[in-house]
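In this note's numbering, the protein residues as written are 1 to 118.
Backbone N, C-alpha and C fix where the C-beta goes; we use that ideal spot for every residue, glycine too.
First the structure, in the form of structure tokens, and then the observations on it.
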């Protein structure tokens with residue numbers, strides 16, 4: 001097994017069951033969804049707070065690259081709630097897709113950048 005396949009196998013074996021909803025379609029897969037811990041809010045355009053925590057709850061999604069997520073359209077449902085994708089990207093090594101990552105916000109909550117978008 002190559003290192004690339006081992007990432008997918010780890011997601012499949014240890015990830016939680018999630019449902020991805022987009023364009024009226026639903027698909028179930030395994031992924032990791034956990035609170036986002038970061039030092040720089042580069043990915044979501046926010047500012048750091050004194051204690052390094054954000055008032056907004058944001059989450060990190062790591063999943064199979066076979067399910068491409070669409071920013072502001074894909075909804076991820078887990079046992080603990082529903083989340084909207086605010087930013088997503090596929091991580092590649094050379095031309096091989098290894099995993100899909102995304103920044104999620106609780107579904108229905110407005111993020112800071114929602115007020116600034118056209």
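Tell me, which residues are paired with residue i by DSSP?
i, result
"residue 22", "25"
"residue 61", "33, 102"
"residue 96", "93"
"residue 9", "Bridge partners of residue 9: none, in fact."
"residue 76", "20, 83"
"residue 88", "102"
Whole angstroms is fine: what's the gap from residue i's alpha carbon to residue j's?
i, j, result
"residue 92", "residue 63", "13 angstroms"
"residue 36", "residue 103", "8 angstroms"
"residue 25", "residue 68", "13 angstroms"
"residue 95", "residue 88", "18 angstroms"
"residue 101", "residue 61", "5 angstroms"
"residue 81", "residue 20", "12 angstroms"
"residue 18", "residue 2", "25 angstroms"
"residue 9", "residue 65", "12 angstroms"
"residue 90", "residue 97", "7 angstroms"
"residue 86", "residue 13", "26 angstroms"
Please state whether the Cβ-Cβ distance between residue i and residue j is less than 8 angstroms.
i, j, result
"residue 7", "residue 99", "yes"
"residue 30", "residue 15", "yes"
Nearest by alpha-carbon distance to residue i: which of the options is it?
i, options, result
"residue 73", "106, 2, 22", "22"
"residue 84", "70, 4, 97", "70"
"residue 75", "27, 3, 13", "27"
"residue 58", "107, 2, 3", "107"
"residue 78", "65, 10, 105, 97", "105"
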